[in-house]
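First to last, the protein sequences are chains A and H.
The first sequence begins at 1 in the working numbering and counts up one residue at a time.
The second sequence begins at 272 in the working numbering and counts up one residue at a time.
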Amino acid sequence: MTDTIAEHADETLHKGESLIEMRDVGKTYGAIRALKGINLTVNAGEVSCVLGDNGAGKSTLIKIMAGLHPHNEGTLLVDGQEQSFSSPRESLSHGIATVYQDLAVVSLMEVWRNFFLGSELVSSKFPLAGMKIRDMKRIADEELRKMGIVVKDIDQPIGTLSGGQRQCVAIARAVYFGARVLILDEPTAALGVKQSGVVLKYTAAARDAGLGVVFITHNPHHAYLVGNHFIILKLGQAVLDKKRSEVSLDELTRQMAGGDELTELSHELQR
Amino acid sequence: MSQTLKPAPAGAPAEASNRVTLGLSNRLLARPEVGAAVAAIVIFVFFLVVAPAFRSPESFFTVLYQASTIGIVAVGVGMLMIGGEFDLSAGVIVTTAGLFNALFCYYLGINLVVGALLSLVFCLAIGFFNGYMVMRTGIPSFLITLGSFFVLQGANLGITKLVSGAVSSPNINQMAGYDLLSTVFAGSFKIGGVTVWNTVIYWFAFVALSGWILTRTRIGNWIYAVGGNPASARAVGVPVTRVKVGLFMTVSFLGWFVGMHTLYRFNTLQAGNGVGNEFLYIIAAVVGGTLLTGGYGNAIGVAIGAFIFGMTSLGIVYAGWDPNWFRAFLGVMLLLAVMVNLYVKKLSTTRKVG
Numbered sequence: 001m002t003d004t005i006a007e008h009a010d011e012t013l014h015k016g017e018s019l020i021e022m023r024d025v026g027k028t029y030g031a032i033r034a035l036k037g038i039n040l041t042v043n044a045g046e047v048s049c050v051l052g053d054n055g056a057g058k059s060t061l062i063k064i065m066a067g068l069h070p071h072n073e074g075t076l077l078v079d080g081q082e083q084s085f086s087s088p089r090e091s092l093s094h095g096i097a098t099v100y101q102d103l104a105v106v107s108l109m110e111v112w113r114n115f116f117l118g119s120e121l122v123s124s125k126f127p128l129a130g131m132k133i134r135d136m137k138r139i140a141d142e143e144l145r146k147m148g149i150v151v152k153d154i155d156q157p158i159g160t161l162s163g164g165q166r167q168c169v170a171i172a173r174a175v176y177f178g179a180r181v182l183i184l185d186e187p188t189a190a191l192g193v194k195q196s197g198v199v200l201k202y203t204a205a206a207r208d209a210g211l212g213v214v215f216i217t218h219n220p221h222h223a224y225l226v227g228n229h230f231i232i233l234k235l236g237q238a239v240l241d242k243k244r245s246e247v248s249l250d251e252l253t254r255q256m257a258g259g260d261e262l263t264e265l266s267h268e269l270q271r
Numbered sequence: 272m273s274q275t276l277k278p279a280p281a282g283a284p285a286e287a288s289n290r291v292t293l294g295l296s297n298r299l300l301a302r303p304e305v306g307a308a309v310a311a312i313v314i315f316v317f318f319l320v321v322a323p324a325f326r327s328p329e330s331f332f333t334v335l336y337q338a339s340t341i342g343i344v345a346v347g348v349g350m351l352m353i354g355g356e357f358d359l360s361a362g363v364i365v366t367t368a369g370l371f372n373a374l375f376c377y378y379l380g381i382n383l384v385v386g387a388l389l390s391l392v393f394c395l396a397i398g399f400f401n402g403y404m405v406m407r408t409g410i411p412s413f414l415i416t417l418g419s420f421f422v423l424q425g426a427n428l429g430i431t432k433l434v435s436g437a438v439s440s441p442n443i444n445q446m447a448g449y450d451l452l453s454t455v456f457a458g459s460f461k462i463g464g465v466t467v468w469n470t471v472i473y474w475f476a477f478v479a480l481s482g483w484i485l486t487r488t489r490i491g492n493w494i495y496a497v498g499g500n501p502a503s504a505r506a507v508g509v510p511v512t513r514v515k516v517g518l519f520m521t522v523s524f525l526g527w528f529v530g531m532h533t534l535y536r537f538n539t540l541q542a543g544n545g546v547g548n549e550f551l552y553i554i555a556a557v558v559g560g561t562l563l564t565g566g567y568g569n570a571i572g573v574a575i576g577a578f579i580f581g582m583t584s585l586g587i588v589y590a591g592w593d594p595n596w597f598r599a600f601l602g603v604m605l606l607l608a609v610m611v612n613l614y615v616k617k618l619s620t621t622r623k624v625g
């Protein structure tokens, strides 16, 4: 499955090069501060993990990068240039693709239609021009096979695939269409152990092909398997920001479970 | 980059041993229009048996004509419903289009062709307004178009009465441009002694175009996506607002088209007409397998739905029954269709082989 990614990964990506840089980024919704003072760098060929409990600001962070809500504090640099995305299209055109946990695909649509959604192969610019359906089906089928997903029928609705496979189709699609940065929003949250494994392997493959990956999760074990850099958010602020070499899985797990608060709690509850 | 790759995990075998071709019955059941087609055949045979007058070719083409007057707008309504929205103003906009054309030209003495074009612009503006309001405010289209339905219904009557002093538009058959427009919109021709209204031809053409757009074009892909899962469509770069606004405008365009037909066929319009037709369009779409929640359906199904409407509304008359039963029958059809749809949706989203 790494073949697919390596084939389609952008040639200009160099490992370690900074793709997205956030400096002191914050976001307020009216009087509510959802995010404050976030510094995050996404490098090519690395996985940056963003961990945090519900309501910690993970989704807001994604939405800023994906172009759903522009930030209103600090600066967001993409390929060294300051940006403020106001639509997903704009973000996509900079090579930033987001795969959402639950809205990755349109379940009633066929697998191949989903694969090419938003980037259909058309025979001409004319709005009513036909799509190259035969090519689309063939490419979608080939790409999925390379990832180890064999669908019974490329015409079946994607809702009939398993959750892990749907995530993989969404990731494969993003990579196939030349994503440079892949934002994965809780890709393993709803999946079983085996299916999570498939998604994690695919994430690692994307990293090795030189893409910058932002991996959002609340599972430190999954994060530690693929991550190069870890940020833990709490109430909109970063409480931990460390490289892989500086942090152990135990510390990550402890921080995620509540960290110092947990220690305090254990004193309080001492029996 | 390839030197940095880890060994690839084993891919799938080239020839998938678990890939099977689904049986014909399975593939058929997965199509939205199959239920409607079966129902259409049953109803057709039923009326052939009970209504001798139904058997002649003339009555068949009358049925087609009746179906086309509903079917043309239903093409748009079906596409809109696949796109996940409703338009309750689709019934009265037909009358609005005709009244606008007739009143405007009659009282200002303008060529009817000019009036027809202005009426088209006006209808497209209403469609745009509906779509823009729905997308801008996030209020369900049911409510927005319910609002425009009442506004148009009231304005149709109010303005007609204000301008002409009556509740119908003046007769326009002596005005400049009438001949051209009545040939285009309300023409008919004879094939072997049978009258064929050209709306039937237009209807077929619109159905074919809609079928092409939905299944073969990028726009069709987007329509299914914005109906099935707008958030996910937006995330992959589908211009959701433009697609939906375009669909509302398609419905009002087709409403205008039928409005032109009605005006130039009867030369005068009752200002209160069209109320209730919006539900006929929706029924045609739903009976044809379109999901009320969006994302599923097709053009042929909607056409069959309209055909069922045409068959039953005339079949009951041909059979010599009280035509008041027609609506009751339509209600039963709707309930059956909804249940079949639910079953089909379940069937097509259950997991088969991973």
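Just so it is clear, CB atoms sit at the ideal spot from N, CA and C, and this is done for glycine as well.
Pull up the distance between the alpha-carbon of residue i and that of residue j, whole angstroms please.
i                 : j                 : result
His532 of chain H : Gly458 of chain H : 9 Å
Asn442 of chain H : Ala396 of chain H : 26 Å
Leu423 of chain H : Thr367 of chain H : 7 Å
Gly210 of chain A : Ala179 of chain A : 11 Å
Val78 of chain A  : Pro88 of chain A  : 14 Å
Gly448 of chain H : Gly568 of chain H : 39 Å
Phe578 of chain H : Trp474 of chain H : 11 Å
Lys58 of chain A  : Ala570 of chain H : 42 Å
Glu17 of chain A  : His218 of chain A : 27 Å
Pro157 of chain A : Gln445 of chain H : 56 Å
Lys242 of chain A : Cys49 of chain A  : 10 Å
Of all Cβ atoms in chain A, is any one closer than 9 Å to the Cβ of residue i?
i                 : result
Ala287 of chain H : Because Ala287 of chain H sits at a pLDDT of 43, beneath the cut-off of 50, its placement in the model cannot be relied upon, and the point is left open.
Tyr495 of chain H : yes
Ser503 of chain H : yes
Ala608 of chain H : no
Tyr614 of chain H : no
Pro411 of chain H : no
Val509 of chain H : yes
Gly436 of chain H : no
Gly499 of chain H : yes
Thr275 of chain H : Because the pLDDT of Thr275 of chain H is 41, which lies under 50, any placement of that residue in the model is unreliable, and the question is left without a value.
Arg302 of chain H : no
Asn569 of chain H : no
Could you give the first and the last residue of the continuous beta strand (DSSP E) run that contains residue i?
i                 : result
Gln83 of chain A  : From DSSP, Gln83 of chain A is part of no beta strand (DSSP E); its letter is neither H nor E.
Val465 of chain H : Val465 to Trp468
Arg33 of chain A  : Ile32 to Asn43
Val507 of chain H : It is not in any beta strand (DSSP E) - Val507 of chain H carries neither H nor E in the DSSP assignment.
Gly212 of chain A : Gly212 to Thr217
Gln237 of chain A : Gln237 to Lys243
Looking at residue i: is its Cβ nearer than 9 Å to the Cβ of residue j?
i                 : j                 : result
Val181 of chain A : Val214 of chain A : yes
Gly547 of chain H : Val365 of chain H : no
Val573 of chain H : Ser481 of chain H : yes
Leu370 of chain H : Thr408 of chain H : no
Asp185 of chain A : Thr75 of chain A  : no
Val47 of chain A  : Ala204 of chain A : yes
Ala322 of chain H : Gly586 of chain H : yes
Val42 of chain A  : Gly227 of chain A : no
Glu73 of chain A  : Asp141 of chain A : no
Leu451 of chain H : Val438 of chain H : no
For residue i, would you say it is in contact with chain H, using Cβ-to-Cβ distances shorter than 9 Å as the test?
i                 : result
Pro70 of chain A  : no
Gly130 of chain A : yes
Arg138 of chain A : no
Val213 of chain A : no
Arg89 of chain A  : yes
Thr171 of chain A : First, the residue type needs correcting, since residue 171 of chain A is Ile and not Thr in the sequence shown. False, the Cβ-Cβ gap to chain H never drops below 9 Å.
Could you pull the start and end residues of the alpha helix (DSSP H) that residue i belongs to?
i                 : result
Gln165 of chain A : Gly163 to Tyr176
Tyr29 of chain A  : Taken as a continuous stretch (DSSP letters only), Tyr29 of chain A belongs to no alpha helix (DSSP H), being part of the beta strand (DSSP E) at Ser18 to Tyr29.
Leu374 of chain H : Ala361 to Leu379
His71 of chain A  : Careful: His71 of chain A lies outside any alpha helix (DSSP H) and carries neither H nor E.
His229 of chain A : From DSSP, His229 of chain A is part of no alpha helix (DSSP H) but of the beta strand (DSSP E) over His229 to Lys234.
Phe357 of chain H : Taken as a continuous stretch (DSSP letters only), Phe357 of chain H belongs to no alpha helix (DSSP H), as it is neither H nor E.
Can you tell me whether residue i sits near the ligand ADP, meaning its C-beta is under 8 Å from at least one heavy atom of the ligand?
i                 : result
Ser439 of chain H : Of ligands this structure carries none, so the ligand ADP is not represented either.
Touching by the beta-carbon criterion (3+ pairs, under 8 Å), the stretch 222 to 236 of chain A and the stretch 26 to 38 of chain A: yes
Contact between the stretch 340 to 360 of chain H and the stretch 516 to 529 of chain H (3+ Cβ pairs under 8 Å): Pairwise C-beta distances place the stretch 340 to 360 of chain H in contact with the stretch 516 to 529 of chain H, as three or more of them are shorter than 8 Å.
Segment contact, 8 Å Cβ cut-off, at least three pairs: the stretch 553 to 561 of chain H with the stretch 350 to 362 of chain H: Contact holds between the stretch 553 to 561 of chain H and the stretch 350 to 362 of chain H, because three or more Cβ pairs, one in each stretch, are under 8 Å apart.
Cβ contact check for the stretch 111 to 124 of chain A and the stretch 503 to 513 of chain H: 3 or more pairs under 8 Å: yes
Meets three-Cβ-pair contact criterion under 8 Å: the stretch 186 to 198 of chain A and the stretch 125 to 133 of chain A: no
contact_flag[the stretch 496 to 505 of chain H, the stretch 375 to 384 of chain H] where n(CB pairs < 8 Å) is 3 or more: no
Inter-stretch contact at 8 Å, needing at least 3 Cβ pairs: the stretch 322 to 333 of chain H / the stretch 460 to 468 of chain H: yes
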